[in-house]
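Below: the structure, in C-alpha cells.
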C-alpha cells in the first residue's frame, strides 16, 4: 500500500477552491471509507509524500494533523504513521467535515452531522442565518481596543440587561442584571452552582428519569444524587422528602420535565418551595425549553414564585438560538450574588466578547423575541406533523405519548422490547434516538424511544422515517 | 430631585445614531458623574419616566437595566429606585462604555478602559482589526446548520491541528492534535488539570513570587500550595525538593518567570523533569508569553524536553491575539489524553464554534505567524522606549530591571518604600501598576512596581507618564 494508489484515485486539483491540504485530507478519508486503506495500513511519511506531490511540507502536515485529530490515522514515531487499527470499516463513516469549518469529533457520542430525530437541537434549517451573519459582521467591524481586554467574567452588562428584561416579560421572573451570570452552557452553570453552594458529600435530589449529564457532573464533584420518581405531575416532591428530607438541593425541570415533558403541578411547586425554605435547601430550576409549549401560553417559571430566595434559575441559548454559540445563564438569589461573583472571578474564564455582543444585538433589535415566536409556531406544526406521520406508519406497533410541550416525542415500543437495542439498530441505520432507560436509574425502568421532531420538516418526511423504523421492529 | 432636572441638561436627540435607551443611560450616567444626582437620590419610576418622555416603557427599562447592571442604580421594590448609596462620587468614574459594545464591570478589579502601564495586555492599538473583521464576517457568513450543533468540547479539530503545527515550529513541541484541549482561558486550563489529575489535599509547588490567580484557583479546589522561591535562574527546584519532595505537581513559567521574567536554567529544567519522573509528579508549564523574548530567539518550551510524559503545557491566545477572545489550550501527555477527554466531556461546555473558526482561519492564512513576528519586533522597541523614557525621568529614584523578555518592566522604588501605597496612588492618578508584594507570600517580600509596556507607543509617552509617577514619589 503506497500513496501512489491513493493519489491515482483522483489527482489533486490546483484550480479547486479547496486548498491542497483539504484535498489530501479528503483523499485519505475517501480511501479509508472505501476500504482502499484499511485499519493498520501504513501511510507514507509526510516527508515522502511532500516529495511525491511536490508540495510544501506544511501542507502535508496540515492534512495529516487533521486526519489524526479526527481519529483516522495515528503517528507511531519511528514506526511510521498508520490508519488507526481500531477504526471499524463496516460502520458507515460520518459525513466529511465541511471545508474550513468543522463539526464535532467522530469519536464523540454526538454525531457530527445532524441525524433525523436528533434530540436537543432547534430547527437549524430555519434559523435566520442572514440576519445573524449581518449582526456578526457588524459586531466584528465595531470591535475597538476596549472590547479586546478581558471581558467581565459575569457577562457583558448589556447582555445581562437584555436577559433580565426578557425573563421579566417571557418567564415572569423579576431580577436585576446583577443577579445574572453568563456561562458557557448548562454544564458550566451546574458546576458553578456546585462550586458556590454545595460541598463534597452533599446530597441532591434529581428527577428519575432525568437528564443524564446532571448526575454525571455532580458525581464528578463528589456530590451524592438521590433519584426522586416523576409522575404525570412532575417530580413527586413528597417522595423526595421521604427519601432524603435534608438534601441540600433539588435539580428540577418544572416547565417540561426532561424527558417526560410533563409540567410540575402548582401544589408540588408550592410544596417544593416550602421544603426549600424550611430546610435552607436550594432549588435548581433547569428551564432549558420553557418557551416551547404548544397547548397554551408557556407557564411562568418556578423562579417567579420564589419569595424566599431559594431558586437558582438556569437558562440557555442553545435551544432558542443554537448550541455552538456556547452561551447560557444563571439567575441567582440576590443574597447569593456576591458569593457567585467571587467564585466566578476565581474559577471562570468568561465568554467571548464577540458572541455576547452578537446575542445582545440580536435581542436589542427584536430578532430574538420574533424568532422564539416563530419557532413556537413551527414546532407546534412539526410536532403535529411528526406525530401524525409516525402514527400512520407505526401506530400499530408503538404508542406515541401526547405532550403539551418540549422538543421531542416519546415512542413506547410494544411489550418488553429493549429500547437500547432498538436505538442501536436505529443508529446503525443512520437514525437518531435515545433510550428512556438510559435516562433513568433503578430496576423498574420503562422502555421508550426519545426522538426529536424539531428538524423534521413535514408529515411526509416523518412517514418516510417511520418506514425506516418499521423495518427494524 | 426629579428627572426634569436631568432631562433639562441635554434633551433627547431623535436624530442621533445612539438609540433612546442609550441616550437616557448616558444622561443618568452624566448626572451621577457630575454630582447632579447623588448616592441615595431617588430616581423616577420607569412608569413615570415613560409618561414624561413619551417613549415606550421597554426603552426606559432597557436604560434602567443597564444602569443597574453597571452598579449606578439600585431597585428597591416598592421603595423605588435610587442611585446606589455606596457609589463614591469623589473618585473619577470610569469612561462610559461605548455604544452597543461594552467593556467590563466598573466594580471589577480590572479597569474598563485601558490604563497606561496596564499589565498582561497585548498592543491592542496595532492589532490587525480589519483582517480580523473580514475573517469574522466570512466565518459568520459560511455558518451552516452543521456548524450550529454542539461543537466538540475538546475544540475544533482544525484548530487543534493548527495549534499542533504551530507548537512544533515555534515552541519545539511535538504533539498530536489528540493531545490538545481548547479551553476558555488559563483559569479553565488549570481547573481542568486539577479536576483530571489532582485531588483535594494534594500539594503543589508554586513559584514565589508568582501569578496570584494560580494560588487562588487551586485554593478553591482545596489543593495545598507550596511557595518555592525564585532567583535569577528561575524556580529554585532544589528548595522545592527540600520543602515538599512528594508534591503532586509544580506550576512553573519557564520562559519568562511571572513576574520576574527570568528564564528557568537548563540544569533546573532537567532537575525538575527528573524529579517529576521519579515521583510521578506533574509539571504544569504556563507558557503565557513564551514568544516574547527580545535578546535572542525564544527558548524552546520545557515541554519539548519532556521524555517521560510528565509535562502539561498551557498556552493561551490572550497574549498573542487578545483577551476577550477567551481561547486558550492545553497539551496533555498522550497517556493522559483519554482521562482529560472524559473529564472534558463531563464538565466542560466547550468554546464557541465562531471564535474557534476565526482563529483557525487567522492561523491557516498565515496572519498568526506574521502577527507574532511583528509584535516581537514592536515589543522589543516599546520595551526599549519605555525603559529609556522612564529611566530619563525616574532614574534617580528607581532602578529599572533589565530583562530579556516578557510584557512588563519591574521598577524598584528606593529604600523600603511600600509598593502597594505607590500603586494605590498611581491608580488614583489614572495609572496602572501592580505591586510585587501582592504577587509573593512570606515575610521578606521585595517591593517593586510591575508596569506593562506593550501599550506605550513612544519614548516621549513614557517620559510624560514617568513625570506623572515622579509627582507621587
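Chains as they are written, first to last, in my numbering: chain A, 2 to 474; chain B, 2 to 474. All residues carry an ideal CB built from backbone N, CA and C; glycine is no exception.
- Around the beta carbon of residue 393 of chain B, fewer than 16 other beta carbons lie within 10 angstroms, which makes this residue exposed.
- Rounded to whole angstroms, residue 192 of chain B and residue 216 of chain B show a C-alpha spacing of 11 Å.
- Between the stretch 135-153 of chain B and the stretch 322-332 of chain A, the count of Cβ pairs shorter than 8 Å is three or higher; the stretches touch.
- Only those residues of the stretch 370-385 of chain A whose C-beta falls short of 9 Å from the nearest C-beta of chain B would be listed, and there are none.
- Scanning the stretch 289-369 of chain B for uninterrupted alpha helix (DSSP H) segments of 4 residues or longer gives 338-348 and 354-365, listed from N- to C-terminal end.
- In terms of Cβ geometry, residue 408 of chain A and residue 314 of chain A do not form a close pair [threshold 7 Å].
- Take the alpha-carbon of residue 45 of chain A and the one of residue 27 of chain A: they are about 16 Å apart.
- Interface flag for residue 348 of chain A against chain B is set, since a Cβ pair is found closer than 7 Å.
- Nearest neighbour of residue 455 of chain B by Cα position, chosen from B/318, B/24, B/85 and B/119, turns out to be B/119.
- Pairing residue 317 of chain B with residue 163 of chain B gives a Cβ-Cβ distance that is not under 7 Å.
- The beta carbon of residue 233 of chain A is closer than 7 Å to those of 263 in its chain, skipping five residues each way along the sequence.
- With respect to residue 327 of chain A, residue 121 of chain A sits apart: the two C-beta atoms are not nearer than 7 Å.
- For residue 354 of chain B, at least one C-beta of chain A is nearer than 7 Å to its own C-beta.
- When the alpha-carbon of residue 265 of chain B is set against those of B/43, B/339 and B/300, the nearest one is in B/300.
- Per DSSP, reduced to three states, the secondary structure at residue 372 of chain A is helical.
- Note on the stretch 248-282 of chain A: whole beta strand (DSSP E) runs with a minimum of 3 residues are 250-253, in chain order.
- In the DSSP annotation of this structure, the continuous segment of the beta strand (DSSP E) that includes residue 228 of chain B starts and ends at 225-232.
- CA-CA distance, residue 444 of chain B to residue 210 of chain B, rounds to 12 Å.
- The C-alpha of residue 158 of chain B is placed about 24 Å away from the C-alpha of residue 54 of chain A.
- Judged by beta-carbon spacing, residue 224 of chain B lies within the 7 Å limit of residue 205 of chain B, meaning their Cβ atoms are closer than that value.
- Separation of residue 222 of chain B and residue 329 of chain B (C-alpha to C-alpha, rounded to the nearest whole angstrom) is 21 Å.
- Residue 260 of chain A sits buried, since 16 or more C-beta atoms from the chains shown fall within 10 Å of its C-beta.
- The beta carbon of residue 186 of chain A sits closer than 7 Å to some beta carbon of chain B.
- CA-to-CA, the gap between residue 213 of chain B and residue 189 of chain B works out to about 15 Å.
- Residues 355 of the same chain have their beta carbon placed closer than 7 Å to that of residue 141 of chain A, with the five preceding and five following residues left out of the count.
- When Cβ-Cβ separations below 7 Å define contact, residue 166 of chain A makes contact with chain B.
- The stretch 403-423 of chain A makes contact with the stretch 449-463 of chain A, as at least three CB pairs between them are under 8 Å.
- Residue 473 of chain B has its alpha-carbon roughly 15 Å from the corresponding atom of residue 464 of chain B.
- Close partners of residue 130 of chain A in chain B (Cβ separation under 7 Å): 144.
- Nearest CB-CB separation between residue 409 of chain B and chain A: not below the 7 Å threshold.
- Counting the other CB atoms within 10 Å of its CB gives residue 406 of chain A a total of 16 or more, which places it among the buried residues.
- Per DSSP, residue 442 of chain A lies in no beta strand (DSSP E) and is assigned neither H nor E.
- Contact between the stretch 375-389 of chain A and the stretch 124-131 of chain A is established, with three or more Cβ pairs separated by less than 8 Å.
- Between residue 56 of chain B and residue 21 of chain B a beta carbon distance of about 6 Å is seen, short of the 8 Å cut, so the two are scored as contacting.
- Take residue 76 of chain A, set aside five residues on each side of it, and the residues of its chain with a beta-carbon closer than 6 Å to its own are 82, in chain order.
- For the options A/386, A/41 and A/177, the alpha carbon positioned closest to that of residue 336 of chain A is the one of A/177.
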